[in-house]
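So the protein lines, in turn, are chains R and A.
Position 75 of the first sequence, counting from 1, maps to 75 under the numbering used here, and the rest follow consecutively.
Position 180 of the second sequence, counting from 1, maps to 180 under the numbering used here, and the rest follow consecutively.
These notes concern the structure reproduced below.
2 protein chains.
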Amino acid sequence: MASKQLTCATAKERLLRACRFEPVDRVPVWMMRQAGRYLPEYQAVRARHSFLEICKTPELAAEVSIQPFRLVGVDAIIVFSDILIVAEAMGMPLDVPDSGPVLSDPIRNFADVLRLRDFDPNVETRFVSDAIRTICAEVGPEVPVIGFAAAPWTLACYMIEGKTRGDVSRAKAALREEPAMISELLGKIARSTAAYLRAQVDAGASVVQLFDTWASELSHEEFRQYELPSIRHVFDSLSRPGAPKILFAKGSSIHLESMSESGAEVLSVDWMTDLAQARQRIGRRVALQGNVDPSILLQDESMVRQAVQAAVEKTGGQGHILNLGHGILPTTPVANARAFVEAGQQAMTKQSAPRVGNE
Amino acid sequence: MASKQLTCATAKERLLRACRFEPVDRVPVWMMRQAGRYLPEYQAVRARHSFLEICKTPELAAEVSIQPFRLVGVDAIIVFSDILIVAEAMGMPLDVPDSGPVLSDPIRNFADVLRLRDFDPNVETRFVSDAIRTICAEVGPEVPVIGFAAAPWTLACYMIEGKTRGDVSRAKAALREEPAMISELLGKIARSTAAYLRAQVDAGASVVQLFDTWASELSHEEFRQYELPSIRHVFDSLSRPGAPKILFAKGSSIHLESMSESGAEVLSVDWMTDLAQARQRIGRRVALQGNVDPSILLQDESMVRQAVQAAVEKTGGQGHILNLGHGILPTTPVANARAFVEAGQQAMTKQSAPRVGNE
Chain R
1 MASKQLTCAT AKERLLRACR FEPVDRVPVW MMRQAGRYLP EYQAVRARHS
51 FLEICKTPEL AAEVSIQPFR LVGVDAIIVF SDILIVAEAM GMPLDVPDSG
101 PVLSDPIRNF ADVLRLRDFD PNVETRFVSD AIRTICAEVG PEVPVIGFAA
151 APWTLACYMI EGKTRGDVSR AKAALREEPA MISELLGKIA RSTAAYLRAQ
201 VDAGASVVQL FDTWASELSH EEFRQYELPS IRHVFDSLSR PGAPKILFAK
251 GSSIHLESMS ESGAEVLSVD WMTDLAQARQ RIGRRVALQG NVDPSILLQD
301 ESMVRQAVQA AVEKTGGQGH ILNLGHGILP TTPVANARAF VEAGQQAMTK
351 QSAPRVGNE
Chain A
1 MASKQLTCAT AKERLLRACR FEPVDRVPVW MMRQAGRYLP EYQAVRARHS
51 FLEICKTPEL AAEVSIQPFR LVGVDAIIVF SDILIVAEAM GMPLDVPDSG
101 PVLSDPIRNF ADVLRLRDFD PNVETRFVSD AIRTICAEVG PEVPVIGFAA
151 APWTLACYMI EGKTRGDVSR AKAALREEPA MISELLGKIA RSTAAYLRAQ
201 VDAGASVVQL FDTWASELSH EEFRQYELPS IRHVFDSLSR PGAPKILFAK
251 GSSIHLESMS ESGAEVLSVD WMTDLAQARQ RIGRRVALQG NVDPSILLQD
301 ESMVRQAVQA AVEKTGGQGH ILNLGHGILP TTPVANARAF VEAGQQAMTK
351 QSAPRVGNE
């Protein structure tokens with residue numbers, strides 16, 4: 001008995017179905033940091049405007065968000081913004097020199113945490129929702145837009161370190177020496193992040209993603225004790241609008257089982273994680289996103305296509321959003337970004353077993 | 001029926017038993033980078049001698065190797081050296097400015113690989129074996145000495161990158177674009193490393209450790225295709241002297257099952273890895289080493305003791321060498337290093353079930 005050929009009517013339907021582990025005709029494809037420096041068209045905008053200007057001007061943010069959709073052909077548009085926007089809205093001064101965003105007055109003690117304010121995302125960060133509205137108006141209802149924020153522990157790390165490349169030792173020391181302060185901080189961030197993401201969904205985001213860069217520094221116990229409840233808080237409070245939730249953590253393999261208890265519909269994994277093993281570990285409870293090594297996009301196109309095919313074979317293309325294992329590198333040739341997207345869109349997907357009823 | 005109280009006659013017996021997953025009276029304890037900058041006594045030697053002078057003068061290398069044994073009370077002495085010594089012996093110029101060791105003429109092509117030479121560890125790197133002999137003569141046969149080298153892929157990364165902090169994109173590009181060159185390089189390194197470690201065992205090392213810093217950058221397939229066979233080659237050729245082999249890889253959780261097929265008796269894991277989960281994943285095939293977060297040794301002593309107790313409870317203290325999850329940090333207070341070692345030596349160990357016969 002042959003199964004009927006499945007087609008997804010729109011890119012949005014395909015992405016939502018993939019998030020919910022429902023059968024799809026092919027994998028949806030996008031790339032973390034897809035709106036960014038590897039695109040000459042982004043560089044052209046950046047030459048005229050500062051990073052924060054782009055973030056805070058809905059027309060500019062929408063323009064650079066849409067660029068990879070028009071130029072590279074991705075199946076989803078992630079709004080151009082920065083995870084530290086939430087810290088700024090909570091009252092922390094944000095600078096963005098060329099070396100990257102910096103919180104110039106980092107948290108030093110409990111009083112600093114208490115001074116952080118709840119904010120109204122429809123006022124203080126209205127530019128983000130407006131950017132999403134502009135994107136949606138521009139590309140129409142068939143193209144999914146992804147909203148995002150940092151996971152609470154990751155934002156807490158930036159708030160305590162000010163800026164960080166490499167290590168988060170001050171934040172980890174605080175976690176151990178002042179657990180009450182950290183709990184208060186994570187609680188405040190989680191509440192603000194939940195409201196911030198709800199506003200993005202209200203503005204038109206179909207899916208949201210939490211970035212948890214610094215989960216990789218936490219032990220199993222620390223992750224479960226501090227980070228997991230705060231992520232769960234954010235995700236639980238998004239259950240009403242019903243937008244699927246993606247959780248990305250670099251070095252996530254370690255915490256995969258714990259992450260699958262977060263309420264996320266999708267776990268986004270790095271390239272060191274074997275997708276087939278990951279599926280074996282967490283079953284079909286959650287879908288997977290990822291996980292081609294971004295450095296493969298610095299090689300030739302045939303290697304890019306091979307890597308994409310290998311990734312899709314691991315999952316059979318079901319319950320799988322094709323993406324990179326981390327952000328696209330600034331030196332990536334645009335042709336290779338295009339090859340990545342095309343290869344994903346053409347990759348053989350195993351049709352699921354014949355479905356019954358209205359699944 | 002009460003089991004007889006087990007005692008290990010010497011520190012060497014205890015370490016060897018722990019490596020082989022045989023019952024022990026308590027966990028053996030040492031720390032990666034235990035001979036190093038956090039010790040004023042090391043700094044004093046370093047003030048008078050360059051890093052390479054210390055490496056290449058057996059009396060100096062022995063002196064700083066023994067310091068943590070005398071001053072901090074560790075149960076094993078790892079010889080003071082550098083993983084790039086092997087690259088130098090293979091013909092690559094090695095410089096050590098204050099910023100760390102650099103190979104000033106990195107590998108660019110196949111011809112560079114072919115020029116690398118096999119070396120006689122009893123000639124070109126005799127200073128390492130002599131340092132081990134000096135340590136053994138100094139501390140006597142009851143104290144175990146650990147020899148070490150880089151795993152082949154990790155040394156290949158340094159050889160191709162010259163120096164590296166952060167990423168190994170040139171090495172990864174070579175892996176994909178010139179797999180034949182990489183295979184040749186890994187084969188040469190594996191042969192040299194095997195001979196180098198055999199010489200260390202012949203000189204008196206009871207245990208050897210391979211450091212595989214950059215395994216964390218490889219995908220599951222790449223690890224299995226390139227790194228695993230080369231590690232296995234090194235370990236297989238050490239089966240004759242019979243010294244147990246420890247394999248350390250930061251970010252190792254990802255490759256844990258594969259690593260357990262390497263021939264290592266012990267896997268050394270980082271602090272993100274849960275020791276109880278790790279044991280569940282790989283069973284009792286191999287013992288574990290680790291895995292306290294080095295940044296905990298920057299907190300107060302009571303936290304250090306707690307973390308040690310928690311680690312030992314995860315394994316019951318059997319088939320477990322207590323260590324850090326990565327090298328000790330240069331800013332660690334010596335008192336905390338001492339607390340780590342003492343807490344390990346006092347930690348409650350679950351006696352195994354009553355043993356029968358001569359196990």
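For each residue, glycine too, the CB sits at the ideal point set by N, CA and C.
Which two residues bound the contiguous alpha helix (DSSP H) that contains residue i?
| i | result |
| --- | --- |
| Q280/R | 275 to 282 |
| F148/R | Here F148/R belongs to no alpha helix (DSSP H); instead the beta strand (DSSP E) covers 145 to 150. |
| H233/R | 228 to 236 |
| V304/A | 301 to 315 |
| A223/R | Before going further, note that residue 223/R is Phe rather than Ala in the sequence given. Note, F223/R: premise wrong, no alpha helix (DSSP H); not H, not E. |
| I107/A | From DSSP, I107/A is part of no alpha helix (DSSP H); its letter is neither H nor E. |
| K56/A | 51 to 56 |
| C19/R | 11 to 19 |
| E41/R | 40 to 48 |
| V86/R | 85 to 89 |
| E257/R | 256 to 259 |
The beta strand (DSSP E) with residue i in it runs from where to where?
| i | result |
| --- | --- |
| I321/R | 320 to 324 |
| S129/A | Run containing S129/A: none in the beta strand (DSSP E); it sits in the alpha helix (DSSP H), 126 to 139. |
| S192/A | Unbroken run through S192/A is the alpha helix (DSSP H), 179 to 203; no beta strand (DSSP E). |
| V266/A | 266 to 268 |
Considering only DSSP beta bridges, list what residue i is partnered with.
| i | result |
| --- | --- |
| K245/R | V208/R |
| I78/R | I146/R |
| N291/A | N323/A |
| V334/A | DSSP, once it has assigned bridges, lists no residue as partnering V334/A. |
| V29/R | L322/R |
| L94/R | L103/R |
Rounded to a whole number of angstroms, what is the C-alpha to C-alpha distance between residue i and residue j?
| i | j | result |
| --- | --- | --- |
| Q414/A | P28/A | Residue 414/A cannot be examined here, being either before or after the span of chain A that is shown, 1 to 359. |
| S50/R | Y42/R | 12 Å |
| G357/A | K12/A | With a pLDDT of only 37 at G357/A, under the threshold of 50, the placement of this residue in the model should not be trusted; the figure read from the coordinates follows. The straight-line gap from Cα to Cα measures roughly 22 Å. |
| A339/R | L71/R | 12 Å |
| M327/R | P58/R | The displayed chain sequence assigns Gly, not Met, to residue 327/R. Computed Cα separation, rounded: 23 Å. |
| E227/A | L52/A | 28 Å |
| V102/A | L114/R | 47 Å |
| Q280/R | A150/R | 27 Å |
| N336/R | Q299/A | 47 Å |
| S3/A | Q318/A | Residue confidence is low: S3/A scores 47 on pLDDT, short of 50, so the model does not pin down where it sits. No coordinate-derived value is stated. |
| A249/A | L218/A | 11 Å |
| A264/A | G242/A | 11 Å |
| L15/R | Q289/R | 11 Å |
| V86/R | P333/A | 37 Å |
| V45/A | G73/A | 19 Å |
| G283/R | S206/R | 24 Å |
| P97/R | A35/R | 19 Å |
| R126/R | L116/R | 19 Å |
| F223/R | S260/A | 26 Å |
| H220/R | S183/R | 17 Å |
| G147/R | F110/A | 47 Å |
Residues of chain D with CB closer than 8 Å to the CB of residue i, please, in chain order.
| i | result |
| --- | --- |
| K172/R | The displayed structure is made up of protein chains R and A, and chain D is not among them. |
Would you say residue i and residue j are within 7 Å of each other, going by their C-beta atoms?
| i | j | result |
| --- | --- | --- |
| V292/R | A343/R | no |
| A194/A | V234/A | yes |
| Y38/R | P330/R | yes |
| A347/R | K314/R | no |
| P369/R | G162/R | As displayed, chain R neither begins before 1 nor continues past 359, which places residue 369/R out of reach and without an answer. |
| S262/R | L238/R | no |
| I296/A | V286/A | no |
| P179/A | S230/A | no |
| V201/R | K245/R | no |
| C157/R | W214/R | yes |
| R17/A | T349/A | no |
| C55/A | D95/A | no |
| S253/R | S253/A | yes |
| A173/R | N122/R | no |
| A89/A | F119/A | yes |
(message) Can you confirm whether the region 322 to 329 of chain A touches the region 268 to 286 of chain A when touching is taken to mean that 3 or more C-beta pairs between the two stretches lie within less than 8 Å?
(response) yes
(request) Could you tell me whether the region 122 to 139 of chain A touches the region 53 to 71 of chain A, where touching means 3 or more Cβ pairs closer than 8 Å? (result) yes
(request) Give a yes or no on contact between the region 137 to 147 of chain R and the region 185 to 193 of chain R, applying the rule of three or more CB pairs nearer than 8 Å. (result) Counting Cβ pairs under 8 Å, fewer than three are found: no touch.
(request) Answer yes if the region 16 to 34 of chain R comes into contact with the region 75 to 84 of chain R, meaning at least three C-beta pairs across the two stretches below 8 Å, and no otherwise. (result) yes
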